[in-house]
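In the numbering used here, the protein residues as written are 11 to 408.
In this text, a Cβ means the ideal position worked out from N, Cα and C, and glycines have one as well.
Have a look at the structure below, then the notes.
This is the structure in structure tokens:
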């Protein structure tokens with residue numbers, strides 16, 4: 011069944027009359043569901059986590075257009091979108107959501123707007139036929155570049171690594187991928203972000219300090235700033251919002267740092283964040299913030315995580331994407347990325363690949379709130395006007 015027929019049938023069955031969740035709701039729900047699943051799969055607070063929830067969720071929406079009925083339903087349920095009409099879902103996750111329109115070059119050069127790049131390609135074995143009707147049905151939402159290749163050519167892995175390095179502005183310099191004759195198709199997505207803090211950290215205030223983790227203590231470069239920030243705390247966590255320059259009317263970008271209070275763990279924080287809209291509770295406060303300068307490189311095989319999130323049939327189906335390429339099955343879903351956070355801002359990139367095989371200020375001046383991020387914490391880079399989680403992760407060790 012092609013995508014347009016599916017859209018028509020769903021609307022006739024009353025899908026369009028379903029109560030619609032907002033993008034912010036489904037993005038938030040999927041983000042914390044994903045982080046919790048990865049943390050559980052990794053065995054707790056041991057390894058760092060770094061992913062791009064927004065790109066994984068968007069690519070799964072794209073894949074749901076290509077998949078068969080039961081697999082499609084599993085995908086949409088697992089990504090917290092099962093009650094959203096398919097056409098609306100495509101609009102909700104269209105590429106334009108993640109890009110910045112009409113960027114002024116001068117603003118870019120002066121770091122007044124973030125740099126955001128997005129590149130998506132679908133490679134398929136040259137003798138396979140792709141359904142051009144399905145491509146046409148999704149092209150208004152997803153700018154995917156389709157290309158026939160020969161996966162048996164030994165140099166293809168190196169060529170793809172060079173393409174990803176260029177698309178990620180050098181952040182992902184060694185794509186850990188092995189393509190061979192067993193691969194029949196490969197969906198490859200690269201997402202890049204770079205932005206500067208509105209309020210910089212003073213490099214002269216950065217000092218060596220201790221960072222506590224499950225395996226002991228390590229010495230890190232601890233940045234420090236005292237300023238008015240949006241801040242919230244409760245019995246479980248302290249949370250602060252660090253804004254990036256975004257000299258535009260339509261989009262706002264921030265990094266949220268969620269620090270468990272002593273005696274509480276990352277799992278409690280993720281559970282609370284899933285149930286509580288922390289962003290709406292932020293209030294201006296003077297905060298003395300200590301935040302480690304950090305750099306994380308991470309490759310995460312999400313196959314087992316997605317199974318645990320309810321997408322088992324996605325990987326067991328022998329005909330995974332019949333609406334696009336019949337007769338191929340999902341093999342792996344992997345994200346590989348890097349993030350650097352320093353006194354001036356953040357730079358990050360994630361590539362996602364899916365392989366297919368055969369088969370307000372107060373009147374009085376209070377003392378600054380102390381927030382010393384010297385132990386494991388959760389971070390999110392968020393486009394706050396929509397709630398899109400561009401990148402998120404957990405820092406357990408440095």
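Buried versus exposed call for residue 372 [16 or more other C-beta atoms within 10 Å across all chains shown]: Any answer about residue 372 is weak, because its pLDDT of 42 lies below 50 and its placement is not dependable; what the coordinates show is given next. Classification for residue 372: exposed.
Pairwise C-alpha distance: residue 144 and residue 250: 44 Å
Residues that residue 130 bridges to, as DSSP identifies them: 154 and 199
Start-to-end residues for the alpha helix (DSSP H) that takes in residue 64: 63 to 76
Alpha helix (DSSP H) segment containing residue 323, residue limits: Per DSSP, residue 323 belongs to the alpha helix (DSSP H) from 322 to 326.
Spatially closest choice to residue 407 from 229, 278 and 394, by CA coordinates: 229
Beta bridge counterpart(s) of residue 264 as assigned by DSSP: 253 and 392
Inter-stretch contact (C-beta, 8 Å, three-pair minimum) for the segment 66 to 80 and the segment 344 to 364: yes
Three-state secondary structure assigned by DSSP to residue 122: Here residue 122 sits in coil by DSSP.
Limits of the unbroken alpha helix (DSSP H) element including residue 436: Within the shown structure, residues of the chain are numbered from 11 to 408, placing residue 436 beyond reach of any answer.
Nonlocal neighbours in the same chain, by C-beta distance under 6 Å from residue 390, ignoring five residues either side: 266, 399 and 402
CB of residue 268 within 7 Å of CB of residue 299, strictly: No, these two residues do not count as a Cβ contact at 7 Å.
Cβ-heavy atom distance, residue 71 to the ligand ATP, below 6 Å: Because no ligand of any kind appears in the structure shown, any question about the ligand ATP cannot be addressed here.
Own chain, CB closer than 6 Å to residue 177, minus 5 neighbours either side, in chain order: 129 and 200
At least 3 beta-carbon pairs within less than 8 Å: the segment 275 to 289 vs the segment 334 to 343: Short answer: they don't touch.
Buried versus exposed call for residue 244 [16 or more other C-beta atoms within 10 Å across all chains shown]: Residue 244 comes out exposed.
Which listed residue (48, 40, 37 and 59) has its alpha carbon closest to that of residue 306: When C-alpha distances from residue 306 are compared across 48, 40, 37 and 59, the shortest belongs to 59.
Coarse secondary structure for residue 403, derived from DSSP in three states: strand
Residue 208 versus residue 107: straight-line alpha-carbon distance, rounded: 23 Å
Buried or exposed by the 16-neighbour rule on C-beta atoms within 10 Å, applied to residue 56: exposed
With 16 other Cβ atoms within 10 Å as the buried cut-off, status of residue 147: buried
Residue 386 classed as buried or exposed, judged by whether at least 16 other C-beta atoms fall within 10 angstroms: With 16 or more Cβ atoms within 10 Å of its Cβ, residue 386 is classed as buried.
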